[in-house]
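Comments concern the structure below.
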Amino acid sequence: MSESDKSSRHRQRMQRKKTVVDSAIAQADQDKGLLLVLTGNGKGKSSSAFGMLARALGHGMQVGVAQFVKGRSDTGEEGFFSRQPGVTWHVLGEGFTWETQNLEQDIATAQRGWETVRTLLRDPAIGLVVLDELTYPLKYGWLELSTVLDDLVARPPMQHVVITGRGAPDALCEAADTVTGLTDIKHAFRAGIRAQPGVDW
Ligand code: ATP
Ligand code: MG
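Position one of the sequence shown corresponds to residue 41 (my numbering), numbered consecutively onward.
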């Protein structure tokens with residue numbers, strides 16, 4: 041095939057592709073507050089959520105963050121975002137369950153935490169809410185899934201919510217508009233490298 045035949049076939053293929061893409065874009069013509077779930081064992085759940093937080097702030101939106109399980113108190117995301125105007129930042133967890141070692145306390149903390157989350161989910165001025173590591177209190181039964189789902193359904197129609205954490209329950213994924221499972225293919229931790237500031241926290 042001559043070079044000019046190749047180039048003309050490429051042009052035709054791209055034209056057909058453009059028609060398909062343009063029509064798919066034209067059909068997606070609705071706006072709504074999205075529920076996103078970022079789950080799976082791979083790295084990138086919280087960092088993706090905080091990437092969306094930065095995007096929302098870049099659009100001048102007000103945002104809220106609730107962190108349910110707090111491994112450390114000196115994360116880069118908290119240090120940066122909690123000082124920005126338009127950010128409400130709540131730390132609701134008191135460390136990993138194997139560190140608190142007190143079930144009643146964990147349940148009480150999670151339920152008090154959800155009361156705080158409700159103030160975000162009832163505020164139409166907040167355009168994006170990140171519920172970081174929410175899957176853990178759900179998994180351990182410290183929070184009722186049905187209560188969480190009811191409050192999510194009742195939120196302002198244009199408010200986006202991003203939920204992160206491993207093992208997201210099926211009913212939460214069914215309720216979500218976008219669900220991403222991050223796959224753990226390789227992680228530096230298993231090669232003996234500790235969590236690095238700027239990458240891991
Ligand atoms: P990140 O905050 O980096 O996006 P994540 O939210 O997907 O990670 P978490 O389960 O919340 O993952 O774990 C938080 C910490 O554990 C981060 O320091 C992250 O790099 C590390 N981590 C994530 N996945 C793995 C893994 N598969 N093996 C070891 N460490 C991991
Ligand atoms: Mg995380």
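All C-beta atoms in this analysis are idealised placements derived from N, C-alpha and C, irrespective of residue type, glycine included.
Any non-hydrogen atom of the ligand MG within 8 Å of residue i CB
{"i": "Thr-204", "result": "yes"}
{"i": "Lys-85", "result": "yes"}
{"i": "Asp-191", "result": "no"}
{"i": "Glu-144", "result": "no"}
{"i": "Asp-172", "result": "yes"}
Residue i (DSSP reduced to helix, strand or coil)
{"i": "Ala-106", "result": "strand"}
{"i": "Val-188", "result": "helix"}
{"i": "Trp-154", "result": "helix"}
{"i": "Val-193", "result": "helix"}
{"i": "Ile-203", "result": "strand"}
{"i": "Thr-161", "result": "For clarity, residue 161 is Leu in the given sequence; the question names Thr instead. Helix."}
{"i": "Arg-230", "result": "helix"}
Extent of the continuous alpha helix (DSSP H) run through residue i
{"i": "Lys-65", "result": "Looking at the sequence itself, residue 65 is Ile, so the reference to Lys does not match. Counting along the chain, the alpha helix (DSSP H) containing Ile-65 begins and ends at 43-67."}
{"i": "Gly-167", "result": "Careful: Gly-167 lies outside any alpha helix (DSSP H), inside the beta strand (DSSP E) at 166-172."}
{"i": "Thr-115", "result": "Run containing Thr-115: none; DSSP gives neither H nor E here."}
{"i": "Leu-97", "result": "85-98"}
{"i": "Asp-210", "result": "210-215"}
{"i": "Leu-178", "result": "175-179"}
Proximity below 9 Å, CB of residue i to CB of residue j
{"i": "Leu-171", "j": "Val-127", "result": "no"}
{"i": "Gly-153", "j": "His-130", "result": "yes"}
{"i": "Ala-106", "j": "Leu-160", "result": "yes"}
{"i": "Asp-190", "j": "Leu-75", "result": "no"}
{"i": "Ser-86", "j": "Leu-78", "result": "yes"}
Start and end residues, beta strand (DSSP E) containing residue i
{"i": "Gly-221", "result": "218-221"}
{"i": "Leu-76", "result": "75-79"}
{"i": "His-130", "result": "127-131"}
Cα-Cα separation, residue i to residue j
{"i": "Leu-192", "j": "Val-219", "result": "15 Å"}
{"i": "Ala-89", "j": "Ala-208", "result": "15 Å"}
{"i": "Leu-168", "j": "Met-101", "result": "8 Å"}
{"i": "Val-239", "j": "Ala-211", "result": "31 Å"}
{"i": "Phe-121", "j": "Val-103", "result": "10 Å"}
{"i": "Gln-236", "j": "Arg-53", "result": "45 Å"}
{"i": "Leu-132", "j": "Thr-204", "result": "15 Å"}
heavy atom of the ligand ATP below 8 Å from residue i C-beta
{"i": "Gly-238", "result": "no"}
{"i": "Ala-235", "result": "yes"}
{"i": "Trp-129", "result": "no"}
{"i": "Arg-230", "result": "yes"}
{"i": "Leu-132", "result": "no"}
{"i": "Ser-88", "result": "yes"}
Closer than 9 Å to chain D by CB, residue i
{"i": "Asp-224", "result": "In the displayed structure, chain D is absent; only one protein chain is listed."}
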